[in-house]
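**Q** Here it is, the structure in full.
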Amino acid sequence: DAGVTQSPTHLIKTRGQQVTLRCSPKSGHDTVSWYQQALGQGPQFIFQYYEEEERQRGNFPDRFSGHQFPNYSSELNVNALLLGDSALYLCASSPGTGGPLRAEYFGPGTRLTVT
Amino acid sequence: AQRVTQPEKLLSVFKGAPVELKCNYSYSGSPELFWYVQYSRQRLQLLLRHISRESIKGFTADLNKGETSFHLKKPFAQEEDSAMYYCALEMNRDDKIIFGKGTRLHILP
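Residue numbers (the working numbering), protein chains in the order written: chain A, 11 to 125; chain B, 7 to 115.
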C-alpha cells in the first residue's frame, strides 16, 4: 500500500488561472481531508469529503471547491488563483466518521506556486 | 478568538536532556488536542492525541484545562527526535480545526 498519494508534486500557475489537485486515499480509507500549508505556517483545514459529499469546511472562500469520487479519491479545485494561494496542499485520509483530525494519514503534498 | 499558540519557533536541546514543547490554546468549549510530527523529508504524521492518554516514542502530553495547555514532553531527548512538531486543536462545538505554527526541535549531539 503506497499510502496517500497526491498529484502533481509541483505546479506553477499564473494569477487568475484555475488548478485541480488530486488525491488517492490510503487503501481502506473512505474519508479525505484537504489542508493548505503556507510557508512557515501550520496546515489550515480546507474541507473534508465523505460519501462523495463535503462534510466539513474551514474558512476558505468558494473559489476552493472539491469532489470525491466513488472510489474515494478526491480533487481540490481552486479558481481565479491569487498570489496568496501559493502553498503546499496536503491531503489526508482516514477510515469512517469523525472530525478532520482523525485523519491520521497524510500525503506528501502538492507544491503550488502562483506567479 | 480560538487559536493555538506554539511560542517557540525553534528549540535546541542536548541529547539526553529533557524536552518540553509548549502548546497553549484558546477555546471555551471542550477541546480535543493532538500533536503531529514531521521528520525531515517525511510526511506529516500523528504523534499522539490527548484522549488516548498514550505515550508514543517516549513522548507524553497532558491536557491542562486550567492553564489551557497541552505541552509535549520527553524525559531524555534522542537525536532522532529532531523534527517539526505541530500542536492541533479540534473544537467539537464548531467542528473547526486549528494548527499551531509549529516548533522545530533540534537535538544537539
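Just so it is clear, CB atoms sit at the ideal spot from N, CA and C, and this is done for glycine as well.
1. Distance, Cα to Cα, T125 (chain A) vs L86 (chain A)?
2. Select from the stretch 100-114 of chain B all residues with a C-beta closer than 9 Å to any C-beta belonging to chain A, and list them in chain order.
3. Listed from N- to C-terminal order along the chain, which residues in the stretch 48-78 of chain B have their beta-carbon within a distance smaller than 7 Å of any beta-carbon of chain A?
4. 8 Å is my cut-off, CB to CB: does Y91 (chain B) come that close to chain A?
5. Using three-state DSSP, classify G94 (chain A) as helix, strand or coil.
6. Going along the chain, which residues of its own chain have a beta-carbon closer than 6 Å to the beta-carbon of T41 (chain A), five neighbours each way excluded?
7. Is E96 (chain B) near the ligand SAH, going by C-beta to nearest heavy atom under 7 Å?
8. Please return the same chain residues whose Cβ sits closer than 6 Å to the Cβ of L31 (chain A), not counting the five positions on each side in sequence.
9. Would you tell me roughly how many angstroms separate the C-alpha atoms of E85 (chain B) and Y42 (chain B), rounded to the nearest one?
**A** Short version:
1. Position 115 of the first sequence, counted from the start, is the residue given in the question as residue 125 (chain A). Position 76 of the first sequence, counted from the start, is the residue given in the question as residue 86 (chain A). Roughly 19 Å separates the two Cα atoms.
2. Only D101, K102, I103, I104, F105, G106, K107, G108 from the stretch 100-114 of chain B bring a Cβ to less than 9 Å from some Cβ of chain A.
3. So the list reads R49, L50, Q51, L52, given in the order they occur along the chain.
4. Mapped onto the second sequence, residue 91 (chain B) falls at position 85. For Y91 (chain B), the answer is no, since every Cβ of chain A falls outside 8 Å of its Cβ.
5. In the first sequence, counting from the first residue as 1, residue 94 (chain A) sits at position 84. If DSSP states are grouped into helix, strand and coil, G94 (chain A) belongs with the helices.
6. Position 31 of the first sequence, counted from the start, is the residue given in the question as residue 41 (chain A). Hits under 6 Å: Y60, S104.
7. With respect to the ligand SAH, the structure shown offers nothing to examine, as it has no ligands at all.
8. To locate residue 31 (chain A), count along the first sequence from 1; it is residue 21. So the qualifying residues of the chain are L86, Y99, T120.
9. Your numbering for residue 85 (chain B) matches position 79 in the second sequence. Your numbering for residue 42 (chain B) matches position 36 in the second sequence. One C-alpha to the other measures close to 18 Å.
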